[in-house]
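In the numbering used here, the protein residues as written are 1 to 473. For each residue, glycine too, the CB sits at the ideal point set by N, CA and C. To start, the structure under review is shown below, and the notes come after it.
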Amino acid sequence: MTDYKNLIDGKMVDNGQWLEVLNPATEQVVGRVPSCGKEELDSAVAAARRAFTQWKKTTPEERQKVVQGIAAAIKENADELYRLLTSEQGKPHTQAQQEIYGAAGLAAAQSTLTLDDVINQDDDTRLSRTRRVPVGVVGGIVPWNFPIMMAIQKIVPALVAGCTIVLKPSPFTPLTTLRIAELIKDVVPAGTVNIITGEDTLGPLITEHPDIDKITFTGSTATGKKIMEGASGDLKRITLELGGNDASIVLPDADVEKVAEQLFWSSFSNAGQVCIAAKRIYIHKDIYDDLSQAIAAYAKTVVVGDGSQQGTGVGPIQNKKQYERVLDLIQDARDNGYKFLTGGEKDPSGTGYYVPITILDNPPEDARIVAEEQFGPVMPLMKFDTVDEVIERANNSEYGLAGAVWTKDTDKGVEIAEQLETGTVWINEFMQLSPFAPFGGHKQSGFGAEYGIDGLKEFTYPQVITVKRDAAV
């Protein structure tokens, strides 16, 4: 077991108080991290504030070089990092590799983003231009499902915009983040990036801290509402990427054999612990029986097990609390007599937070398994008759994060997509995010955007400078 330290003001430090981190596949301790509170937070924020006075004056090229150094450090140490990630998060090695290399690629791509001045007026009367200026010190709060991707998508735009950041990883998955902190401590100027760990009680201290100017958070809608409330005291800027109950719509012309495997992974990647996973799949009645059986047949070929073992396709749920919540949803479905195509077994005995791949056969729209975000390896399949009907059902949710349409008629797919009340809609694919396109939710799925120029702007204020020409002074 290894002890990992925090990054504060360019130094790796600890306070002698520790949190233990478990491997969800074995329930064994795999590392310890510092348990921080107000004192450590104040120190990190003070370091970020000092660093901001100089970092905000740097050129885009200087910032780009630093961020590219972060990308290189992650990529060069990917083999070590993905194995460590699996040990704390549970996802299979192949998916952990995708996250680590994806994070390096995201950092490299977003380092190229720039915010150019906009000329509003340029005539004989006056010159008016809008520039973007950094918000200041950012507080970043990261979840446990994609801890490295989520950390990078907060650190990188903050730095590119000229901000500094204090980042809090989830107490369930802080190890890989702190290892990356150690790798980049000499790459980033002291104080620009600070990473501190602690229990969930550390989060409210961040959102309410008087010297933090912006909060960027990824997590549940319930927690997002608390963050808005905490940040309201001094009107902090906020970006919230929250829950989703994403609907996929499969039209009758879809190729059953081709889409079955894709639909499976659209729901069960990372054991279903993905905010943009397909959590409700609507299949036209003409192909429902064939496609539902094809998905169930494919599911039986996928191995559920320890992510570190070769051949594992679906790992454990990351933590006990979420594990028990998913089991409760499955129990509710059993209690209501819903039909299962796969899974639905009682809580398996043994070690590890494993949930069998569970697929439900046409449960009612008001079933908890349909109406709530499962965030686990559970997928309801439902029949629909008409396009108008399925659009109404898909939009009947408090969430609006993402969705997908599957059809050979892409024009029809786009027509449906434009009627869905979500921030992102894919046609014939899933979970494809671009570093250059905005990602954000509608309704209770979020506030603001990440990725692309829109995401970068979230870390800035607009400032308009107007020069009066031929003014009498």
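Determine which residues share a DSSP beta bridge with Pro252 and list them.
Bridge partners of Pro252: none, in fact.
Let me know the secondary structure DSSP gives Pro364 once reduced to three states.
The three-state reading of DSSP puts Pro364 in coil, since its state is none of H, G, I, E or B.
Compute the Euclidean distance between the alpha carbons of Thr197 and Gly448, then round it to the nearest angstrom.
Cα to Cα, the separation comes out at about 25 angstroms.
Within its chain, find whatever has a CB closer than 7 angstroms to the CB of Pro438; leave out the 5 residues flanking it on each side and keep chain order.
Ala449, Tyr451, Gly452, Asp454, Gly455
Cα-Cα separation between His442 and Ser267, rounded to whole angstroms
20 angstroms
With DSSP run on the structure shown, which of helix, strand or coil describes Gln98?
In this structure, Gln98 counts as helix in the three-state DSSP scheme.
Nearest-angstrom beta carbon gap, Gln95 and Ser269 [assumed within contact, 8 angstroms]
7 angstroms
Going by Cα to Cα distance, which pick from Leu175, Asp234, Arg131, Asp246 is closest to Trp18?
Leu175
Please look up how many angstroms separate the CB atoms of Phe340 and Thr358, rounded, as I've assumed it's under 8 angstroms.
7 angstroms
Only counting the same chain, and skipping five residues up and downstream in sequence, which positions put a Cβ closer than 7 angstroms to that of Tyr298?
Answer for Tyr298: Ala260, Glu261, Phe264, listed in chain order.
Roughly how many whole angstroms lie between the Cα atoms of Asp213 and Thr207?
9 angstroms
Mind checking which residues open and close the beta strand (DSSP E) that includes Gly313?
From DSSP, the beta strand (DSSP E) with Gly313 extends over 312 to 314.
Is Gly136 closer than 8 angstroms to Lys154 when the C-beta atoms are compared?
Cβ atoms of Lys154 and Gly136: not closer than 8 angstroms.
Please report the distance separating the alpha-carbon of Phe52 from that of Glu62.
14 angstroms
Environment of Lys91 [buried if 16+ CB atoms lie within 10 Å]
Residue environment for Lys91: buried (at least 16 other C-beta atoms within 10 angstroms of its C-beta).
I need the boundaries of the alpha helix (DSSP H) containing Gly31, first residue and last residue.
Annotation for Gly31: no alpha helix (DSSP H) segment contains it, though the beta strand (DSSP E) segment containing it runs 28 to 34.
Which word fits Asn6, buried or exposed, when buried means at least 16 other C-beta atoms lie within 10 angstroms of its C-beta?
Counting other Cβ atoms within 10 Å of its Cβ, Asn6 reaches 16 or more and is therefore classed as buried.
Hey, how far is the Cα of Met1 from the Cα of Tyr323?
24 angstroms
Given Gly244 as reference, the closest of Ala278, Asn194, Thr223 once Cα atoms are compared
Ala278
Is the region 228 to 240 close to the region 427 to 437, with three or more CB pairs under 8 angstroms?
Judged by Cβ distances under 8 angstroms, the region 228 to 240 makes no contact with the region 427 to 437, as fewer than three pairs qualify.
Helix, strand or coil for Val303, going by three-state DSSP, please let me know.
strand
Using C-beta distances below 6 angstroms, list every residue in its chain close to Lys408, excluding the 5 sequence neighbours before and after it, in chain order.
Asp253
List the endpoints of the continuous beta strand (DSSP E) containing Phe484.
No answer is possible for residue 484: it lies beyond the span of the chain, which begins at 1 and ends at 473.
Return the CA-CA distance between Lys56 and Cys163, expressed in angstroms with no decimal places.
6 angstroms
Taking C-beta to C-beta, are Asp200 and Pro157 nearer than 8 angstroms?
no
Every unbroken beta strand (DSSP E) within the region 220 to 268, with a cutoff of 3 residues, ordered by chain
237 to 241, 246 to 250
Beta carbon of Tyr282 nearer than 8 angstroms to that of Arg131:
Cβ atoms of Tyr282 and Arg131: not closer than 8 angstroms.
Please go through the same chain and pick out, in chain order, the residues whose beta-carbon is closer than 6 angstroms to the beta-carbon of Ser248, but skip the five residues on each side of it.
Ala278, Ile281, Ala404
Roughly how many angstroms separate the alpha carbons of Glu80 and Asp289, rounded to a whole number?
Spanning the two alpha carbons is a distance of roughly 44 angstroms.
Run the CB neighbour count on Ala222, radius 10 Å, all protein chains shown included, and call it buried at 16 or more, exposed below.
exposed
From Pro169 to Asn319, what distance separates their C-alpha atoms?
Rounded to whole angstroms, Pro169 and Asn319 show a C-alpha spacing of 15 angstroms.
Measuring CB to CB, does Gln121 end up less than 8 angstroms from Ser111?
no
Could you work out which residue in Pro356, Asp332, Arg179, Ala48 is closest to Thr301 when comparing CA atoms only?
Answer by Cα proximity: Pro356.
Apart from the five residues just before and just after Gly10, which ones in its own chain have a Cβ nearer than 7 angstroms to its Cβ?
Lys185, Ala190, Gly191
State the DSSP-derived secondary structure class of Gln322, mapped to helix, strand or coil.
helix
Applying the criterion that 16 or more other CB atoms from any shown protein chain within 10 Å of the CB defines a buried residue, is Asp477 buried or exposed?
One cannot answer for residue 477 here, as it falls past the ends of the chain, which runs 1 to 473.
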